[in-house]
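One structure is given below, encoded as structure tokens.
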Amino acid sequence: MLRSLLAAALIAAASAALAQPKPYPDWPCPQRKVSTLGFGAVWTGPDPTQALQDWGQDREAAQLAQKLASRKTPLEEVDPLLSEFAEKAGPEKQQRLTRVFAGVFELINGERDKVVAGIGRYARGQRVMAERIRDEASQISEIKTSPDVKETKELADLESRFTWDKRIFQERSQSLTYVCEVPTLLEQRLGEIARKIQAKL
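This is how it looks when you write it as structure tokens:
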């Protein structure tokens, strides 16, 4: 009896959890949506609040930040670049490396924000296309089940448009799998670079 009551309670709890509205109903990715990152998620070094305001005024720190933030720069090149910068920075090494982090953080976080916004637009476009495909399928079904159905140019055009829209929808759905990974890849890159900078402090 107790076991059946427990099972019923677990089922009810699971159903209630599933019934909870999603905080971002337009978000199509399996990963949880995080609108924007805080530096505390990746940084345990000196407080970068001031550096986040003035990193752009340190020309060399800004140039290095841009280079490190770019996905064209392989992660294995980060350590040598940081070592060279730290050596030249002298007694201001900690302050200037913190500026490098601030620049990398702002640049990668900015890129990530754009990607997240793009995914939202992408998902809304897919929803509109899905509705159009349903409408086209309904129209085709209505025409074909009509008692006086005839092969007309209108039906042929509608079927052609339906096939084309469905193909585009499927291709976009497949590419969405890759697009959804981009914010995570950017977060991982930011975390790895932050770790490497902190190791040089």
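In the working numbering, the protein residues as written are 1 to 201. Every residue gets a Cβ at the ideal spot worked out from N, C-alpha and C, and that includes glycine.
- Between residue 135 and the set 161, 125, 100, the nearest pair of CA atoms involves 161.
- The beta carbon of residue 94 lies closer than 7 Å to those of 46, 201 in the same chain, with the five residues before and after it left out.
- Taking one beta carbon from each stretch, the region 179 to 192 and the region 29 to 45 have 3 or more pairs nearer than 8 Å; the two touch.
- Going by DSSP, residue 123 is part of the alpha helix (DSSP H) stretching over 93 to 144.
- Looking at 165, 98, 111, the one whose alpha-carbon comes closest to that of residue 127 is 165.
- Rounded to whole angstroms, the gap between the alpha carbons of residue 77 and residue 69 is 12 Å.
- Within a 10 Å sphere around the beta-carbon of residue 71 sit fewer than 16 other beta-carbons, which makes this residue exposed.
- About 4 Å separates the CB atoms of residue 99 and residue 55; that is less than 8 Å, so the two are in contact.
- The three-state reading of DSSP puts residue 179 in helix, counting H, G and I together.
- Counting along the chain, the unbroken alpha helix (DSSP H) around residue 88 starts and ends at 78 to 89.
- In the structure shown, residue 158 adopts helical secondary structure according to DSSP, grouped into three states.
- Residue range 49 to 54 is occupied by the alpha helix (DSSP H) that includes residue 51.
- Between the alpha carbons of residue 65 and residue 25 lies a gap of roughly 35 Å.
- Assigned with DSSP and collapsed to three states, residue 198 falls in helix.
- The C-beta separation of residue 61 from residue 110 comes to about 17 Å, leaving the pair out of contact by the 8 Å criterion.
- Taking 8 Å as the cut-off, the beta carbon of residue 97 is found no closer than this to the beta carbon of residue 193.
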